[in-house]
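S.K.: Numbered by my numbering, the letters in the sequence shown go through residues 6 to 100 in order. For glycine and all other residues, C-beta sits at the position ideal for the given N, C-alpha and C. Nothing here was measured: the structure is a model prediction, and the numbers come from that model.
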Amino acid sequence: MTDQPSAEATEQIAQHRERIDAIDCQIVRLLNERATEALAIRSLKPHVHWSLYDPKREEEIFANLARCNEGPLYGENLREIYEAILHVMKELRDR
6 MTDQPSAEAT
16 EQIAQHRERI
26 DAIDCQIVRL
36 LNERATEALA
46 IRSLKPHVHW
56 SLYDPKREEE
66 IFANLARCNE
76 GPLYGENLRE
86 IYEAILHVMK
96 ELRDR
């Protein structure tokens, strides 16, 4: 085995990174879409006298994520990610 990097492996890494960059851009667009929807809901809640924080809805979100998850992320990993997303959405809502 040589210490020289494989040109093929190097190219494959570059291709995977390009795909990851494109996926990251899609995720950012979707997070901004989600934030827009969350802000719309936030503006409507006072009209129906609903609390801004709804723990039942949060659990519905986590249950839906569990149903949607086909892996390779573990359920608890996905929940951690979404807890962070929901935290940021709450901060955005409260500004």
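Taking Cβ to Cβ, would you say Leu97 is nearer than 9 angstroms to Leu35?
M.R.: Along the sequence shown, one-based indexing puts residue 97 at 92. Along the sequence shown, one-based indexing puts residue 35 at 30. Result no, Cβ atoms of Leu97 and Leu35 do not sit closer than 9 angstroms.
S.K.: Since Lys50 is in the alpha helix (DSSP H), which residue starts that stretch and which ends it?
M.R.: What you label residue 50 is simply residue 45 of the sequence shown in a count that begins at 1. Neither: Lys50 is in no alpha helix (DSSP H) and is coded neither H nor E.
S.K.: Look at the alpha carbon of Gln31 and the alpha carbon of Arg24, and state the distance between them as a whole number of angstroms.
M.R.: Translated into the one-based positions of the sequence shown, residue 31 becomes position 26. Translated into the one-based positions of the sequence shown, residue 24 becomes position 19. The alpha-carbon atoms of Gln31 and Arg24 are separated by roughly 11 angstroms.
S.K.: Could you check which residue in Ile66, Arg72 and Asp59 has the C-alpha nearest to that of Tyr87?
M.R.: For this step, residue 87 is matched to residue 82 along the sequence shown. Of the listed residues, the one whose Cα sits closest to Tyr87 is Ile66.
S.K.: Starting from Asn74 and walking both ways along the alpha helix (DSSP H), at which residues does that stretch end?
M.R.: Translated into the one-based positions of the sequence shown, residue 74 becomes position 69. Where Asn74 is concerned, there is no enclosing alpha helix (DSSP H), given that its DSSP letter is neither H nor E.
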